[in-house]
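Residue numbers (the working numbering): 6 to 117. Glycine included, every Cβ here is placed at the ideal spot set by N, Cα and C.
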């Protein structure tokens, strides 16, 4: 996704900012949440249940949807503002879903 985002932003200059936003929404948000999940799994005493959590699948589906809706806003100019808002809501939903599942485990992490 990173190569796609940077490469397409260079090749398609009129849509560059939109494709760069897709890069940040799709790639960096997903990586941050997935790395956070992996750290919790490794250091929090959780074995494999975090990896197969339905909330994790929901988070990735919402993040991917936010990325696709954000890019589609460029191509559907009549609905530009609506699609930007929908993309933002989808991304917020992804982060909130992840946070509701995993933040309690971070906050209750045993202190040595």
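>> Our contact map puts residue 31 next to residue 87 with C-beta atoms below 8 Å; I'd like the distance itself, whole angstroms only.
In response: About 20 Å separates the two Cβ atoms, so there is no contact after all.
> Counting Cβ pairs closer than 8 Å, one from the segment 58-65 and one from the segment 97-110, do we hit at least three?
Replying inline: Taking 8 Å as the limit for Cβ pairs, the verdict is that the segment 97-110 does touch the segment 58-65.
> Going by C-alpha distance, which of 94, 95 and 74 is nearest residue 85?
Replying inline: Ranked by Cα distance from residue 85, the first of 94, 95 and 74 is 74.
> Are there 16 or more other CB atoms within 10 angstroms of the CB of residue 72, so buried, or fewer, so exposed?
Replying inline: Residue 72 comes out buried.
> Secondary structure at residue 58, three-state DSSP: helix, strand or coil?
Replying inline: In the structure shown, residue 58 sits in coil (DSSP, three-state: anything other than H, G, I, E or B).
>> Can you look up residue 88 in the DSSP assignment and give me helix, strand or coil?
In response: Helix at residue 88.
> Does the beta-carbon distance from residue 99 to residue 89 come in below 8 Å?
Replying inline: No, they are not a contact pair.
>> So, with DSSP's three-state summary, where would you put residue 113?
In response: Residue 113 falls in the coil class under three-state DSSP.
> Mapping DSSP to helix, strand and coil, what is residue 81?
Replying inline: Note: residue 81 maps to coil in three-state DSSP.
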